[in-house]
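For the sequence shown, UniProt numbering assigns the number 1 to the initial residue and increments by one for each residue that follows.
Accompanying notes for the structure given below.
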Amino acid sequence: MFNVKIIRTIFQSFLFVSLLYSIWFWYQQAGPAQNDRDVRRDVVQVVSAEVSQIDVPVRLVANGIVTAKQMVDVRPQISATIEVVHIREGQFVQKGDKLFTLDARVAEANHRKTEARLAKSRSDLANAERQLQRHRELFDKGFISHAALDEVHSQVDSLRGQLGFDRAAVEATNVIRSFTEIIAPISGRTGAIPVNPGSLVTPDDAAMVSITQIDPMHISFSLPEREFNTIQQALTKGQVNVSVQIEQTIQQGSLIFVDNAVDTASGTIRLKAEFSNSNNYLWPGMYAKVMLAPRLLAGVFTVPVQAVQTGPKKKFVYVIEQDSSVIFRPVDVRLIQDGLAVIEGEGIASGVRVVAEGAQNITPGSVVVESATYDKTAYSVLQASNWLVQTPDRSASEKHGFEIETQ
Numbered sequence: 001m002f003n004v005k006i007i008r009t010i011f012q013s014f015l016f017v018s019l020l021y022s023i024w025f026w027y028q029q030a031g032p033a034q035n036d037r038d039v040r041r042d043v044v045q046v047v048s049a050e051v052s053q054i055d056v057p058v059r060l061v062a063n064g065i066v067t068a069k070q071m072v073d074v075r076p077q078i079s080a081t082i083e084v085v086h087i088r089e090g091q092f093v094q095k096g097d098k099l100f101t102l103d104a105r106v107a108e109a110n111h112r113k114t115e116a117r118l119a120k121s122r123s124d125l126a127n128a129e130r131q132l133q134r135h136r137e138l139f140d141k142g143f144i145s146h147a148a149l150d151e152v153h154s155q156v157d158s159l160r161g162q163l164g165f166d167r168a169a170v171e172a173t174n175v176i177r178s179f180t181e182i183i184a185p186i187s188g189r190t191g192a193i194p195v196n197p198g199s200l201v202t203p204d205d206a207a208m209v210s211i212t213q214i215d216p217m218h219i220s221f222s223l224p225e226r227e228f229n230t231i232q233q234a235l236t237k238g239q240v241n242v243s244v245q246i247e248q249t250i251q252q253g254s255l256i257f258v259d260n261a262v263d264t265a266s267g268t269i270r271l272k273a274e275f276s277n278s279n280n281y282l283w284p285g286m287y288a289k290v291m292l293a294p295r296l297l298a299g300v301f302t303v304p305v306q307a308v309q310t311g312p313k314k315k316f317v318y319v320i321e322q323d324s325s326v327i328f329r330p331v332d333v334r335l336i337q338d339g340l341a342v343i344e345g346e347g348i349a350s351g352v353r354v355v356a357e358g359a360q361n362i363t364p365g366s367v368v369v370e371s372a373t374y375d376k377t378a379y380s381v382l383q384a385s386n387w388l389v390q391t392p393d394r395s396a397s398e399k400h401g402f403e404i405e406t407q
């Protein structure tokens, strides 16, 4: 019995020592692994980007409506029947081209009547002037009284007045006769023609045809009234260029009109730009997106917009230090445009690396590994935009009416 107790005690002691050794061995193996996991938790993979210093044109974009520079409704100036239609619907006509010929028989008859009356007045006046000459000779010889001479003189004056009246009547009928030939008042493209040969037309009827000038074209659009002073300042420096995007094509034009009052209902001001339209990309009534850049931010610092984080008080970026640690830098955002943020703040300079993607995983004391870096041209304001706008230099900005704003 005694030996059994001793053996049991020895066996229990062995189990206890083995358990302690197992616990110690596990702790020695688990400690480094846990430390490794702690280190790996503080290392964050991010995509970085460099702060770039560039000139950024501040673009204003608006939706506009294409309007014709000139549009004329052609109506007859006399009542008559159409004899000939010289044009087709949708035809391009030049100023002075013949459009319609009206029945001219009544106008011709009236013109001949006034010409005959004019000829009679000339004959009557010539006869009266001969009579006046004879009466003067008789008066000089004392054969007639002064009253008789005055009577003949009065007849001559009356016939001279009648002659002037008849001349004016001939001119009037000549003008009316010219109304039977309807010509194009402007160059442009014709619209629908609702009349045909044989149609009776009057001045009060609907237009016989409309002519729209296609080149150049205007685009009317509106901008918020807060942009008014910027546009006015740009106009004082010269021409303000305006671009229009039609599908994948960019057309260049210029600002020609700023309304003289702000629309109080919408808080906008109406503007108009003129564009060459020799290729017929623009058509009256269509909608178009226009862009103008009356102001330039010169030498400003830019980063991808996703690099800017929102804090409880203000915006900030994570700046990557030389030892791959990150620090918090508060910034002011001046402009967000085309995937870029224009920022300024302490410690922000060209070439500084910031975290562009992966900032949500960063905690105080984190160390980052840059898995990728943004290419400067990949997020450039001049590349990311749908607008094919080149960066203007300082001299070009003044030439085109940009306002240069420095930091």
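Using N, Cα and C, we set each Cβ at its ideal position, and we do this for glycine too.
Computed from a prediction, not measured in an experiment: that's the story for all the values here.
Using 10 angstroms around the beta-carbon of residue i, count the other beta-carbons present and answer buried if the total reaches 16, otherwise exposed.
i	result
residue 180	buried
residue 353	buried
residue 69	buried
residue 118	buried
residue 424	Because the chain in this structure spans residues 1 to 407, residue 424 falls outside the shown range and cannot be described.
residue 374	buried
residue 123	exposed
residue 218	buried
residue 234	buried
residue 127	exposed
residue 156	buried
residue 226	exposed
residue 363	exposed
residue 168	exposed
residue 295	buried
residue 287	exposed
residue 196	exposed
residue 277	buried
residue 173	buried
residue 55	buried
What number of angstroms, rounded off, separates the C-alpha of residue i from the C-alpha of residue j?
i	j	result
residue 336	residue 214	37 Å
residue 136	residue 171	35 Å
residue 315	residue 47	19 Å
residue 67	residue 86	27 Å
residue 291	residue 220	12 Å
residue 356	residue 306	6 Å
residue 177	residue 89	26 Å
residue 351	residue 263	46 Å
residue 280	residue 188	12 Å
residue 112	residue 141	44 Å
residue 347	residue 301	11 Å
residue 52	residue 231	28 Å
residue 326	residue 298	29 Å
residue 258	residue 81	45 Å
residue 270	residue 224	9 Å
residue 101	residue 205	17 Å
residue 78	residue 91	25 Å
residue 63	residue 108	54 Å
Tell me whether residue i sits in a helix, a strand or coil according to DSSP, three-state version.
i	result
residue 245	strand
residue 65	strand
residue 408	Here the chain has residues from 1 to 407 only, and residue 408 is not among them.
residue 179	coil
residue 325	strand
residue 80	strand
residue 89	coil
residue 157	helix
residue 53	strand
residue 164	helix
residue 202	coil
residue 363	coil
residue 195	coil
residue 240	coil
residue 211	strand
residue 320	strand
Going by DSSP, what residue range makes up the beta strand (DSSP E) through residue i?
i	result
residue 45	43-50
residue 341	340-344
residue 133	Per DSSP, residue 133 belongs to no beta strand (DSSP E); it is in the alpha helix (DSSP H), 105-141.
residue 336	332-337
residue 368	367-373
residue 347	Careful: residue 347 lies outside any beta strand (DSSP E) and carries neither H nor E.
residue 357	353-357
residue 187	Run containing residue 187: none; DSSP gives neither H nor E here.
residue 98	98-102
For chain D, find out if any of its Cβ atoms is closer than 8 Å to the Cβ of residue i; answer yes or no.
i	result
residue 248	Protein chain content of the structure displayed is limited to a single chain, and chain D is not contained in it.
Where does the unbroken alpha helix (DSSP H) through residue i begin, and where does it stop?
i	result
residue 75	Where residue 75 is concerned, there is no enclosing alpha helix (DSSP H), given that its DSSP letter is neither H nor E.
residue 234	228-236
Contained alpha helix (DSSP H) runs [length at least 4] in the region 249-314, N- to C-terminal order:
Qualifying alpha helix (DSSP H) stretches: none in this window.
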